[in-house]
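In the numbering used here, the protein residues as written are 5 to 397. All C-beta atoms in this analysis are idealised placements derived from N, C-alpha and C, irrespective of residue type, glycine included. Report on the structure given below.
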């Protein structure tokens, strides 16, 4: 597996869906190795028995292009374009060495730009088949850098398998690469926390609203904060914000300026155990994602799957791949992006109508347990792997 982001330690949640995927692959008998960049000098290690090879690409202080904020957000700073050049070149050289050393049957690339460049050379040296998984961010880069578009077109046509995390991403890739959308496998990812049966406390005096995700522009958290006073005017609520990112300080300042410090808790990055408890305590989960200034948006939204699995009713914005998880009025409530009034109204609708919330949760759980079941996901991945290997050989 070649990827830009992967857990830095056993309890780290960076790339947690990839960690979970590899855990299931290992249980099926696959021998998995991860090739990923270092983060501030991080050396090789293992995560849940999976060896992770960390390649160095810059001075330790600035070796933070990936993880936490993500490369698309980092490269807004022109200096990180310089760092990115070293990232690509170092990854290329070291991936070739890595693949020469090991005897892999298949290379699975996540975020195919720029990692598909490494696979193109490293895998082709031995004629190893390549599977590409697109998450959406790399397609956004093609709008800013035209050469990325041409590389993705070429890589998509050369790969032995194409996967997208949602129907939205698949449609974007098909249009960009000029290929039939039915040639792309849509395989999502499942929950990344342990799901345990839980019952919500209906008589809580203060209702808990939960947001989980990076604190970056495209997550739209500012609109959730704008909606909070409108919600609080009719219900006693407390908003829990889990995650970190380049907008964290700005959001905390917004909370202070709005006088909401007593009604909002910033938890930062939490452990799996803490996150599970927050899901169990939540009365409503909100994902206020938007299409940001660069045209980036939500590829899928694994946190929505996790919220539903913990019997938490969901409000989300109708952008990107979110509709693969939340079907409006069926598995949750979808509202227009950047609309604080609509967010507030939807949250209050769920808080005021327990019967509606229960109906949506039951349907949402059924959807999460079937479509986002890890065993079904691994079955689909295995089929793509077998097909890619048989096509190449």
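Excluding five sequence positions before and after residue 68, the CB atoms of its chain that fall closer than 7 Å to its own CB belong to 43, 44, given in chain order.
Here residue 55 is bridged, per DSSP, to 50. Contact between residue 128 and residue 197 is absent: CB atoms are separated by about 38 Å, not below the 8 Å threshold. For residue 374, the uninterrupted alpha helix (DSSP H) segment begins and ends at 358 to 375. Taken in chain order, the unbroken stretches of beta strand (DSSP E) that lie wholly in the stretch 142 to 230 and span 3 residues or more are 165 to 168, 211 to 216.
For residue 125, the CB contacts under 7 Å within the same chain, skipping 5 residues up- and downstream, are 96, 100 in chain order. In this structure residue 36 does not touch residue 48 by the C-beta definition: roughly 15 Å separates them, more than the 8 Å allowed. Here the C-alpha atom of residue 28 lies approximately 20 Å from the C-alpha atom of residue 57. In the displayed model, residue 139 falls within coil according to three-state DSSP, outside both helix and strand.
Inclusion of residue 120 and residue 159 in the CB contact set at 8 Å is warranted, their separation being smaller than that value. Residue pairing by DSSP puts residue 269 in a beta bridge opposite 244. The three-state reading of DSSP puts residue 134 in strand, counting E and B together.
Put simply, the backbone Cα of residue 283 is about 11 Å away from that of residue 317. DSSP places residue 338 inside the beta strand (DSSP E), whose first and last residues are 337 to 339. With distances taken between CA atoms, residue 164 lies nearest to 187 out of 143, 154, 187. With a minimum length of 4 residues, the unbroken runs of alpha helix (DSSP H) contained wholly in the stretch 260 to 334 fall at 276 to 285, 306 to 313. Nearest C-alpha to residue 370 among 115, 334, 153, 98: 334.
Going by beta carbons, residue 213 and residue 351 fall inside the 8 Å limit.
Per DSSP, residue 40 is not a residue of any alpha helix (DSSP H); the beta strand (DSSP E) it occupies stretches across 38 to 41.
Residue pairing by DSSP places residue 6 opposite 39, 113 in a beta bridge. Residue 267 is not a Cβ neighbour of residue 291, given a cutoff of 8 Å.
Residue nearest to residue 203 within the set 16, 385, 365 is 365 (criterion: CA-CA distance). Contact annotation: the stretch 219 to 232 touches the stretch 293 to 304, with at least three C-beta pairs closer than 8 Å.
With respect to the 8 Å criterion, residue 336 and residue 301 are not classified as neighbours on the basis of their beta carbons. Excluding its 5 nearest sequence neighbours in each direction, residue 279 has C-beta neighbours in its own chain below 6 Å: 197, listed in chain order.
With 16 or more neighbouring CB atoms inside 10 Å of its own CB, residue 144 falls in the buried class.
Sequence-distant Cβ neighbours of residue 14 in its own chain, meaning closer than 8 Å and more than five residues away, are 51, 52. In this structure, the CA atom of residue 260 is about 45 Å from the CA atom of residue 380. DSSP places residue 342 in the coil class of the three-state scheme, outside both helix and strand.
In this structure, the straight-line span from the alpha carbon of residue 103 to that of residue 175 is close to 32 Å.
Just so you know, the alpha carbons of residue 122 and residue 108 end up roughly 14 Å apart. With 16 or more other Cβ atoms from the protein chains shown falling within 10 Å of its own Cβ, residue 142 counts as buried. Secondary structure note for residue 13: it is in no alpha helix (DSSP H), with a DSSP letter that is neither H nor E.
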